[in-house]
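Peer 1: Mapping of the sequence shown onto the numbering used here: position 7 corresponds to residue 16, and the numbering continues sequentially without gaps.
Where is the CB? At the ideal position from N, CA and C, for every residue including glycine.
Before we start, here is the structure in question, set down as structure tokens.
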Amino acid sequence: MRRTHMLTDEFKLIDNNGVVRSTKSRVEHIHWKFNEIKSEEDIVYPWKVVPTVAGAEFIITAETTMQDWREYAEYCWRLL
10 MRRTHMLTDE FKLIDNNGVV RSTKSRVEHI HWKFNEIKSE EDIVYPWKVV PTVAGAEFII
70 TAETTMQDWR EYAEYCWRLL
């Protein structure tokens, strides 16, 4: 059976002061936005990604790896 639509979520990128810095429909897009901000500003950790549907927050620290991002994206996709 083929899916005719894809369930989506909304992910918010929140800085260490609790300010929403970006809202995107995919974890990958949030990751790109975080990298863009990180290249332009000095980041004070932790930051977090908060989904509307998946419910599993992702905490971003200086030690967060690309693999951590991939695993989080896959986890959220499976919840949808």
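So the candidates are 87, 83, 78 and 17; which of them puts its Cα closest to the Cα of residue 57?
Peer 2: 78
Peer 1: What does the Cβ neighbour count give for residue 55, buried or exposed, with the cut at 16 atoms within 10 Å?
Peer 2: exposed
Peer 1: What residue does the beta strand (DSSP E) around residue 31 start on, and which one ends it?
Peer 2: 29 to 33
Peer 1: If you run the structure through DSSP and keep just helix, strand and coil, what is residue 68?
Peer 2: strand
Peer 1: Name the DSSP bridge partner or partners of residue 23?
Peer 2: 29 and 57
Peer 1: From residue 74 to residue 61, what distance separates their C-alpha atoms?
Peer 2: 23 Å
Peer 1: List the whole-angstrom C-beta distance separating residue 82 from residue 36, where the pair is believed to meet the contact cut-off of C-beta under 8 Å.
Peer 2: Taking C-beta atoms under 8 Å as the contact rule, residue 82 and residue 36 qualify, at a distance of about 4 Å.
Peer 1: Report back the beta-carbon spacing between residue 53 and residue 23 to the nearest angstrom; my notes put them in contact at under 8 Å.
Peer 2: Incorrect: roughly 13 Å between the Cβ atoms, too far for contact.
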